[in-house]
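**Student:**
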Amino acid sequence: MSAGAGTHVVARTGDSLFLRAVAALSTLAGWASAAMIVAAVALTCQMIFIRFVLNGSTVWQTEAVIYLMIAATLIGLPYVQRLRGHVNVDLLPLALSRGPRKVLAIVMLSMSIVIVAIMLWYGYEWWHLAFERNWRSDTVWGVLLWKPYLALPLGLALFLLQLVADLYALLIGVDKPFGLEDG
89 MSAGAGTHVV ARTGDSLFLR AVAALSTLAG WASAAMIVAA VALTCQMIFI RFVLNGSTVW
149 QTEAVIYLMI AATLIGLPYV QRLRGHVNVD LLPLALSRGP RKVLAIVMLS MSIVIVAIML
209 WYGYEWWHLA FERNWRSDTV WGVLLWKPYL ALPLGLALFL LQLVADLYAL LIGVDKPFGL
269 EDG
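In our numbering, the protein residues as written are 89 to 271.
This is the structure we're talking about:
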């Protein structure tokens, strides 16, 4: 069983101003994500009320709910990473001793940073195209797509920042590899 099973493991910050600032940004992103989920639920309830109680039509609610839920997922990434809430298979880290476990953690964080940086690059490019070309959705609402697409580069940038902070915390010894005590 990992250190995270049944306990609440949060990325450690120590005395590092950088780590504390990233933790604050990730927490703020988590609160924003939660607010988007609450807004999506409220819009869904409003849409149901208008459709089935008032027998009216809804134009923009479904699209807004979809964009809010996607944005909540992307903006919430750094907060989930900070809380170590992503799916984790720790069979190999548990079997390794302290040195190899740290090497594995550094390799995994480095690979994650590279992959998220690539996704950020293409996400920014996609958002920029939508902004530059004034793309609109093909719906009655016709929302400017750069607005919902902004969640992609913003969420990935914050996630990347949290991953870099995690790697830095591991390298300076503030955090343990995979959150596991030495074994």
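In this text, a Cβ means the ideal position worked out from N, Cα and C, and glycines have one as well.
Bear in mind the structure is a predicted one, so any value in this text is a computation, not a measurement.
Rounded to a whole number of angstroms, what is the C-alpha to C-alpha distance between Val168 and Trp119?
**Tutor:** Approximately 11 Å, taken between the alpha carbons.
**Student:** May I ask you to report which of helix, strand or coil DSSP gives Ser90?
**Tutor:** Here the model assigns Ser90 a pLDDT of 46, short of 50, so the residue's position is not dependable, and the following value carries that caveat. Here Ser90 sits in coil by DSSP.
**Student:** Is the number of C-beta pairs between the stretch 238-258 and the stretch 204-217 that are closer than 8 Å three or more?
**Tutor:** Contact between the stretch 238-258 and the stretch 204-217 is present, because at least three Cβ pairs lie under 8 Å.
**Student:** Which whole-angstrom value describes the C-beta separation of Ile189 and Val98, a residue pair presumed to lie in contact below a C-beta threshold of 8 Å?
**Tutor:** In the sequence as presented, Ile is not what sits at residue 189; that position holds Arg. About 20 Å separates the two Cβ atoms, so there is no contact after all.
**Student:** Assess contact between the stretch 126-136 and the stretch 256-268, defined as three or more Cβ pairs (one per stretch) separated by less than 8 Å. Is contact present?
**Tutor:** Counting Cβ pairs under 8 Å, fewer than three are found: no touch.
**Student:** At what residues does the alpha helix (DSSP H) containing Leu248 begin and finish?
**Tutor:** It spans Ala239 to Leu259 - the alpha helix (DSSP H) in which Leu248 sits, taken as one unbroken run.
**Student:** In this structure, what does DSSP give as the bridge partners for Gly224?
**Tutor:** Sequence inspection shows Arg at residue 224; the Gly mentioned does not correspond to that position. Leu232, per the DSSP bridge assignment.
**Student:** As a quick exercise: from Gln149, Phe140, Glu151 and Leu251, pick the residue whose alpha carbon is nearest that of Val195.
**Tutor:** Residue Leu251 is the option with its Cα nearest to Val195.
**Student:** Quick one: any contact between the stretch 137-154 and the stretch 176-190, if contact means 3 or more CB pairs under 8 Å?
**Tutor:** The stretch 137-154 vs the stretch 176-190: no contact.
**Student:** Within the same chain, show all residues whose beta-carbon is closer than 7 Å to that of Ile201, passing over the 5 residues directly before and after it, in chain order.
**Tutor:** Closer than 7 Å at Cβ, skipping near neighbours: Leu248, Leu251, Val252 and Leu255.
**Student:** Measure the alpha-carbon distance for Val144 versus Val191 and round it to whole angstroms.
**Tutor:** Before going on, a small fix: residue 144 reads as Gly here, not Val. Rounded to whole angstroms, Gly144 to Val191 spans 60 Å at the Cα level.
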